[in-house]
Amino acid sequence: MLDRFAFALLLMCSFARAGEGVAPLAYRSPHAEIPAGFTIRHPVDGAEMVWVPEGYFRMGLNADTAQKQAEQLGLKDFRIMAGEESFPERVVYVQGFYIDMYEVTFERWKQFVDATQWKADKIVPTWTGPDLKPAEAKLPIASVTWKAAQEYANWSHKQLPTEAMWEKAARGTDGRWYPWGNEKPSREYGVITLKDSLRGPEPVGSYPKGASPYGCMDMAGNVYEWTSEWKEPYPNSPEPAPKPGSAHTYVALRGGSFYHPLHSYRTAKRMGFEPHETYFHVGFRTAWFPPDDFDHKKHEAK
Ligand SMILES: [Ca+2]
C-alpha cells in the first residue's frame with residue numbers, strides 16, 4: 071500500500087517537474103478582455119481607434135446573397151455590379167486589432183506632413199498646406215496614392231488594413247450587407263451619392279446612424295479607402311486568375327465613395343486602382359495591432 075502511494079507521489083512530482091516552465095496549451099490573447107468597440111487615442115497620431123476583437127467573421131458573398139443585394143438596388147443580375155469579385159462567402163479568422171474610427175482627415179494629414187516634411191510626388195493630396203482652415207480640419211484627406219497612404223501608416227507605426235480587417239470592422243460577424251445592417255443605402259447613413267447628384271466629401275463622422283457594429287464611421291461612402299492588399303480573385307472564386315504578367319496590378323479599396331454608384335457601398339464590394347493612381351474621392355484609414363503589454367485603459371479616449 072505504502073509502495074503504491076509512494077509511486078503515485080513520485081509520478082505526480084515528475085509530472086509537476088515536467089510541467090515547469092511550459093506554457094499552457096491553449097493560447098490566450100493578452101487583449102482577450104478588451105470589449106468590442108473600446109476606443110483609444112493612438113499614441114502616435116492621436117486618432118480615435120476602435121477595438122475589433124479576435125475571432126471569426128463571415129467574409130465575402132455567395133451568389134444567392136449577391137443576387138438579393140442586386141435586386142434590392144433595382145439591378146436584374148449581380149454580374150452588373152461585378153458581384154463575383156466578392157465570392158465565395160467563407161469564415162475568416164482575424165486577430166484582435168484597432169482601426170481608425172474615422173477616415174484620415176486633413177488635420178491628421180497635416181500632422182504627418184509637418185512631422186516628416188513630406189512632399190508629394192506628381193499627385194498632390196487635397197490638403198497641401200501650410201495653413202489649415204478650421205472648416206477643413208475634419209474633411210477626409212483625398213487624392214492620396216497607395217504609397218502616400220502607406221507612408222502615413224509607417225510614420226504613425228500603424229498599417230493599412232488588410233481586406234479581411236477592413237471588412238470585419240465594417241460588417242461585424244453576422245454577414246450583414248452594410249455597416250448599419252441590410253437596409254438599402256440612403257443619405258441618413260453616410261456621404262452617399264444617389265442617382266441625382268454628386269455629394270461630398272463631408273466632415274468625417276457626420277452620419278452616426280451609419281456606424282459599423284464596432285463604431286467605425288463612413289465605412290460606406292465619403293472617400294474610398296485603400297487596403298494593404300492586391301485586388302485579385304479570392305481563392306475558390308469563379309473569377310479567372312490574372313493573366314501571366316498582369317498579377318499585382320490593382321490594389322483593393324473598400325467602402326465606396328461620394329462619387330460611385332449605389333452598389334459600391336456594399337460592405338463586401340471590392341474596388342481596384344493601380345498603386346500610383348488616385349482621385350479626389352480616394353482616401354484611407356489605418357489599423358493597428360497593439361503590442362502585448364499595451365495599456366488600453368491608459369489610452370482610452372474620453
Ligand atoms: Ca469611406
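Numbering-wise, our numbering puts 324 at position 254 of the sequence shown, and it's gapless, one number per residue.
Every residue gets a Cβ at the ideal spot worked out from N, C-alpha and C, and that includes glycine.
Indicate the three-state DSSP secondary structure (helix, strand or coil) for S156 in the structure shown. helix
Ligand 1 heavy atoms versus the CB of M289: any closer than 7 Å? yes
Nearest-angstrom Cα separation, counted from E173 out to K372: 19 Å
For P210, the residue or residues it bridges with in DSSP: T175
Measuring CA to CA, which of G270, P283, G315, Y335 is closest to F350? G270
Based on the DSSP secondary-structure assignment, which residues constitute the bridge partners of Y248? G251
Residue interval of the alpha helix (DSSP H) (run including R241): 233-241
Is the Cβ-Cβ distance between R324 and E295 less than 8 Å? yes
Closest to Q142 by C-alpha separation, out of G353, H333, K339, would be which residue? H333
Where does V120 sit, in a helix, a strand or coil, going by DSSP? strand
For R160 and Y222, what's the separation of their Cα atoms in angstroms? 32 Å
Just the C-alpha distance for I110 and K313, rounded to the nearest angstrom, thanks. 44 Å
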